[in-house]
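What follows is a set of notes on a single structure, which appears directly below.
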Ligand code: GLP
């Protein structure tokens, strides 16, 4: 695992956007999966700028969203689908026909999970995934637990995660209690993984992850099993690292 520590959030965003643009330039027909949340907002702004500036083709990209709150329709302002569309896909003229997401409104959610796993695998799996990290070590919505799931599944969200994501909703009570997420297997089968973190609130979990123990109570620690992971941290989030 490689890691880069940048002086601040801005530099972290620029560096990550550059790594993303480099990847897509090399592999224009990549299947990509992008995180949501606050950390990635600046990254996507830079990424879109860079793709346009460098004239990188996005005509063959496919986007596979990594998670969605249960019962959230694609056009709901709080949906991850809408978030990624607004911040990335619409700006790069990537049409809905090339954006895929789990159907979080399906009557049969178990089937929706299986269908989504199959859709990703039938497309050849993910080539590139950009992950954020929760303060509890979750990636996508794979929450800390005694056992982790390999494939797309439903997760109960912890109070800590619901509280952390409450800022996107009118009130904390409105944060959904469950989400569909791609599983750890789908993540670890991605050819290239970028993990990003910014801010002091992430320093404890990053320090814990860098103890290099594989622990289902810290899902991000499984990234140590992958041979092509690059982390980009700002100084504040890397505060607990020894060097
Ligand atoms: C949510 C998303 C994750 C993301 C995490 C961190 O829980 N499901 O994919 O990594 O938020 O978000 P933030 O960058 O806002 O801390």
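Numbering (my numbering), first residue to last: 2 to 244. Ideal placement from N, C-alpha and C gives every residue a C-beta, glycine not left out.
| said: I'd like the list of long-range same chain contacts for residue 218, defined as Cβ closer than 7 Å, with 5 residues on each side in sequence excluded. | reply: Answer for residue 218: 145, listed in chain order.
| Whose C-beta lies closer than 7 Å to the C-beta of residue 166 among residues of the same chain, with five residues either side of it excluded? | Cβ neighbours of residue 166 within its own chain (closer than 7 Å, five residues either side excluded): 176.
| query | Between 63, 198, 182, which lies nearest to residue 16 when the distance is taken from Cα to Cα? | reply | Ranking 63, 198, 182 by Cα distance to residue 16 puts 198 first.
| request: Would you mind stating whether residue 25 and residue 62 have Cβ atoms separated by less than 9 Å? | output: The answer is yes: Cβ separation under 9 Å.
| query | Cβ atoms of residue 231 and residue 189: under 9 Å apart, would you say? | reply | In this structure, residue 231 does not lie closer than 9 Å to residue 189 by Cβ.
| task | Could you check how far apart the C-beta atoms of residue 194 and residue 130 are, in whole angstroms? I think they sit under 8 Å. | result | So it is a contact: roughly 5 Å between Cβ atoms.
| request: Return yes when at least one heavy atom of the ligand GLP lies under 8 Å from the C-beta of residue 73, else no. | output: Answer for residue 73: no, Cβ out of range of the ligand GLP.
| request: Verify the contact flag: residue 246, CB atom, against every heavy atom of the ligand GLP, threshold strictly below 8 Å. | output: Because the chain here runs from 2 to 244, residue 246 falls outside it and cannot be looked at.
| Thinking C-beta only, is residue 173 closer than 9 Å to residue 204? | No, Cβ-Cβ distance for residue 204 and residue 173 is not below 9 Å.
| said: Does residue 212 come out as helix, strand or coil in the three-state DSSP assignment? | reply: Residue state, collapsed to three classes: coil.
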